[in-house]
Structures are given as C-alpha cells and as structure tokens.
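Undergrad:
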Amino acid sequence: MYNLVMKDFKLGINPWFLAMPFLLGALMLIPGWIYLLVPQYFFWISVPNIFGQFKAQNDLMLTMTLPVSKKDKVKARVIVMVILELLHIGVAMIFGLFTIHLYPNVDYLFFAPHMGFWGVCFVMLGIFNIIFIPMFYKTAYKYGAAMIASVVATLLFSIGVQWLAIQNSFIFDTFNGTGADNTMLQLTILLVGIAIFAVFTIVSYNIAIKRFEKVDI
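To convert, count from 1 in the sequence shown and add 42; that's the numbering used here.
1. Run through DSSP, which three-state label would L78 get?
2. Would you kindly check if the distance between the Cβ of L46 and the Cβ of V110 is under 8 angstroms?
3. Thinking C-alpha only, which one of L71, I131 and I173 is nearest P63?
4. Smallest Cα separation from V133: which of I175, W160 and I121?
5. Can you tell which of W58, F140 and L126 has its C-alpha closest to the C-alpha of L69?
6. To the nearest angstrom, how far is the alpha carbon of T196 from that of M157?
7. Would you mind sorting P176 into buried or exposed? The rule is 16 or more other CB atoms within 10 Å of its CB.
8. Taking the CB atoms as reference points, tell me whether N171 and S88 lie closer together than 8 angstroms.
9. Mind the definition here: the segment 93–104 touches the segment 183–192 only if three or more C-beta pairs lie below 8 angstroms; say whether that holds.
10. Report the rounded CA-to-CA distance for I173 versus K180, giving the unit in angstroms.
11. Spatial neighbours of I76 within its chain, please: C-beta separation below 7 angstroms, excluding the five flanking residues on both sides.
12. So, with DSSP's three-state summary, where would you put K256?
13. Please tell me whether L167 and P90 are closer than 8 angstroms, where the distance is taken between their beta carbons.
14. DSSP state of T181, grouped into three classes?
15. Helix, strand or coil, according to DSSP, for F170 in the structure here?
16. With the cut-off set at 8 angstroms, would you say V122 and D50 are in Cβ contact?
17. Should D101 and G54 be called a contact, given that it needs their Cβ atoms to be closer than 8 angstroms?
18. My parser needs the alpha helix (DSSP H) runs of 4 or more residues fully inside the segment 89–129; what are they?
19. Enumerate in chain order the residues of its own chain whose CB-to-CB distance from F242 is below 6 angstroms, with the five nearest sequence positions on each side excluded.
20. So for A240, helix, strand or coil by DSSP?
21. Taking Cβ positions, are F254 and K52 nearer each other than 8 angstroms?
22. For the putative contact between L108 and Q204, defined by C-beta atoms under 8 angstroms, what is the C-beta separation to the nearest angstrom?
As structure tokens, then:
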C-alpha cells in the first residue's frame with residue numbers, strides 16, 4: 043500500500059501540486075473574502091490536472107501490471123486524494139488563524155474562518171469525494187463527467203450554505219456573531235464536518251471498489 047501511494051506521489055503527481063496548498067492557502071489572508079472558494083480551487087485546478095496527468099502517463103495500465111489487488115489500487119488512490127485534501131485544508135486553516143488575528147475588526151458578510159467554517163469545508167470535501175470517486179471508478183480513466191458532476195455539486199452546496207448563512211440571522215450569528223466566540227459550538231461544528239467527510243469518503247471508497255471490480259481492463 044505504501045509503495046502504491048508513493049508511486050502516485052513520485053511518478054504521477056507533479057511536485058507543483060504539492061506547493062499549490064500554500065499558494066491557494068495564502069488567499070485566506072484577503073480580509074473579508076469568500077473563503078469557501080479556497081478549498082474549491084483544489085477541485086478546479088489540482089484534481090483535473092492530476093488525473094489528466096495519470097491518464098496521459100497511462101497510469102492505469104502500469105498499475106494493472108503490479109501484483110496487487112484492485113481493492114488496494116483503489117485504496118491507494120483514495121489515500122492520495124485524502125492526503126492532498128487534508129494538506130490543502132490544513133494549510134488554509136493555518137492562514138485562517140493569521141487572518142483572524144490580523145483583521146480582528148473586519149465585518150464579515152461571508153463566512154469568517156473560525157472553526158465552524160472549516161466544518162462546512164470538510165462537508166464540501168466529503169460531497170466531492172462521494173460523487174467523484176465512485177463515478178471515476180466506473181472506468182478508472184475517464185474523469186471528465188465525474189469532475190463536472192462533483193464540481194457542480196460542491197459549487198451548489200457552497201452557494202446554498204453561504205446564501206443561507208446570509209439570509210438566516212441565527213446561522214449568521216453562529217458563524218460570524220456571538221456564536222463565533224463559543225468554542226464548544228465551533229468545535230462541535232468542526233467535528234461534525236470531519237465526521238461527515240470521513241463517512242462520505244469511506245462510502246465512496248467502498249462503492250468505488252465494487253465498481254472497479256467490474257471494470258474489464
């Protein structure tokens with residue numbers, strides 16, 4: 043498993059995409075910005091380029107020659123995706139902490155980067171995974187339709203949840219008002235978001251295995 047994961051990082055993924063989290067995370071330093079866009083750049087930029095590179099390198103055929111099961115092939119690729127997702131969101135969270143301290147008096151119209159906001163981001167990552175991963179493993183090389191469907195779903199989610207936060211005073215207060223100072227509330231939202239991300243990713247992994255087993259290479 044370790045070797046499969048390292049194969050992707052050493053042979054399939056351009057090192058540039060390992061630097062992307064730091065470049066994209068720096069966008070969190072813009073005061074009062076639409077911070078929900080930051081994790082979405084991972085979907086828009088990194089994922090299509092990485093999977094396009096896998097396809098161009100004929101990675102599927104290379105992987106099929108290795109003496110490992112289809113289940114392990116799927117598991118390794120999902121692990122790689124999760125590592126990249128956690129790297130993106132982890133770096134963004136660090137920049138978010140700087141933002142809160144650098145601009146303590148900003149009046150946020152959109153989500154402020156408190157702990158609860160990151161819970162929402164984890165849910166968005168989970169939505170992406172549960173759509174993209176199973177759809178991709180219908181063929182294990184065609185990623186276009188899966189990419190479009192998952193990006194549209196996460197975009198609609200982000201628009202909907204942000205609109206709701208603006209329109210509903212209780213939700214707005216939870217993320218941007220007095221609720222932002224409630225550490226227990228913010229931590230609960232974060233942990234719930236992480237749990238949803240984990241469940242969605244595990245479900246997507248199990249569906250992907252069943253679909254990939256039926257693929258005739």
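By construction, the Cβ of each residue, glycine as well, lies at the ideal position given by its N, Cα and C atoms.
TA: With the given structure in hand:
1. Here L78 sits in coil by DSSP.
2. At a Cβ-Cβ threshold of 8 angstroms, V110 and L46 count as neighbours.
3. Minimum Cα distance to P63 is reached at I131.
4. Out of I175, W160 and I121, the CA that lies nearest to the CA of V133 is found in W160.
5. The shortest CA-to-CA distance from L69 to any of W58, F140 and L126 is the one to F140.
6. Cα to Cα, the separation comes out at about 20 angstroms.
7. Buried: at least 16 other Cβ atoms inside 10 Å.
8. Cβ atoms of N171 and S88: not closer than 8 angstroms.
9. Segments in contact, yes.
10. Using only the alpha carbons, I get a separation of about 12 angstroms.
11. Beyond the five residues adjoining it in sequence on each side, I76 comes within less than 7 angstroms, by CB distance, of F152 in the same chain, given in chain order.
12. Of the three classes helix, strand and coil, the one that applies to K256 here is coil, per DSSP.
13. Result no, Cβ atoms of L167 and P90 do not sit closer than 8 angstroms.
14. Assignment of T181 by DSSP, reduced to helix, strand and coil, places it in the coil class.
15. DSSP, reduced to helix, strand and coil, places F170 within a helical segment of the structure shown.
16. The answer is yes: Cβ separation under 8 angstroms.
17. One thing to note: D101 has its Cβ within 8 angstroms of the Cβ of G54.
18. As far as the segment 89–129 is concerned, its whole alpha helix (DSSP H) runs of at least 4 residues are 89–98 and 101–106.
19. G168, N171 and I172.
20. A240: helix per DSSP, three-state reduction.
21. Between F254 and K52, the C-beta spacing is not below 8 angstroms.
22. 43 angstroms between Cβ atoms; not a contact.
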